[in-house]
Amino acid sequence: MTAPFVHPPYRPSEARKPVMGVLCCNEQFDRPIQSVASRFIAPLASLSGATVLLVPAVQQAFDAISLVDRLDGLLLTGSRSNVAGDRYGQGRTGSGPLDMERDEVALTLAGHMIEAGRPVFGICRGFQELNVLFGGTLAPVEGPVHQRAPGPDLAFKDLFDHYHDVELSAGGLLSDAIGTARLAVNSVHGQGVDRLGGGLKVEAVACDDGLVEAFSARPCGAPVVAVQWHPEWQAAHRPEGRAFFRLIGDALHRQAGATPPEWADAPDGRAATPL
């Protein structure tokens, strides 16, 4: 049967790209909307080789089991909101802007994905959500040493244009993938890890104060990797950004039963370390 419109030919026998779920945030402009910054999506396509599926942070539109069966991986992105303190026993006082529905959807979906052996990744808020999922806690970061966030009047183009050094754990996923022991990163956050979640392996700590800024785990076979900084910012032009999204690409392709791409410009000319 031929469809009565012009369209690219459908070839179901061709190898499909892995599908990466990306969790939205609840935002309020002139009306409630679901939002994801485009900078999180672009490198998943260009560097990870993934097809992106946006997941609304709306409990009524959400069924974790149905999604797990359809996704090869999950990315919990950064957000302007914080994880509510009552999610880790601290109450809500002083925890800043909240997105309660995102908390619920993120923790539920990530938990099911991990239990099903699907790779899960986190950036910024997503890093904090995964720490909480594993039983960890968060605390405000204050002062010039801990506070990474620039002032509220800073132009958006300058929002991520500031860096501090982190020390990568020897033999860790990130140090092997990036090929260095020290890295300048652009963390933008008002909360940080207080107690690290059970079973999480530290991948990076801030050089100035020892704050945990990256961790990994493999509790059910597939990798869980999260960073406090923003590898999506100009990812194609920074080695740590390319390495992070190519780690994602390796994990997604293996989950989908496909051969991971060979990355020509990985450290020492090698393909990025498979997860």
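In this note's numbering, the protein residues as written are 331 to 605. No residue lacks a Cβ here, since even glycine has one placed at the ideal position from N, Cα and C.
| Item | Value |
| --- | --- |
| So which of L489, G501, S517 has the shortest CA-CA distance to D495? | S517 |
| Taking only three categories from DSSP, how would you classify S365? | strand |
| In the structure shown, what three-state DSSP assignment does F370 receive? | helix |
| Mind pulling the beta strand (DSSP E) runs of 3 or more residues that sit fully within the segment 378-450? | 381-385, 403-406 |
| If I measure Cβ to Cβ from V382 and keep anything under 6 Å in the same chain, skipping five residues before and after, which residues do I get? | M350, V352, I371, L374 |
| Buried or exposed for F335, please, with buried defined as at least 16 other CB atoms from any protein chain shown within 10 angstroms of its CB. | exposed |
| From this set, R525, K531, L526, Y493, which residue's C-alpha is nearest V515's C-alpha? | Y493 |
| Where L397 and E445 are concerned, what is the direct C-alpha to C-alpha distance, given to the nearest angstrom? | 13 Å |
| Once DSSP output is grouped into helix, strand and coil, what is the label at P604? | Caution is warranted here: a pLDDT of 43 is assigned to P604, below 50, making its placement in the model unreliable, and no coordinate value can be reported. |
| In three-state DSSP terms, what is H567? | helix |
| Using a Cβ-Cβ cutoff of less than 8 Å, which residues in the same chain neighbour C537 once the five nearest sequence positions on both sides are dropped? | H494, D495, V496, E497, R512 |
| Which one of D429, G408, L489 has the shortest CA to CA distance from R417? | D429 |
| On the criterion of 16 or more Cβ atoms from any shown chain inside 10 Å, does F490 qualify as buried, or is it exposed? | buried |
| Comparing alpha-carbon positions, which option in V535, S411, F451 lies nearest Q521? | S411 |
| Which whole runs of the alpha helix (DSSP H) in the segment 484-530 are 4 residues long or more, in chain order? | 503-508 |
| Count the other CB atoms, across all protein chains shown, that sit within 10 Å of the CB of T589; report buried if there are 16 or more and exposed otherwise. | exposed |
| Provide the residue(s) that pair with C624 in DSSP beta bridges, ordered along the chain. | Outside the shown range of the chain (331 to 605) lies residue 624, about which nothing can therefore be said. |
| Would you report the Cα separation of F392 and D402, rounded to the nearest angstrom? | 17 Å |
| Count the other CB atoms, across all protein chains shown, that sit within 10 Å of the CB of D598; report buried if there are 16 or more and exposed otherwise. | At D598 the pLDDT is 42, less than 50, meaning the model places this residue with poor confidence and gives no usable figure here. |
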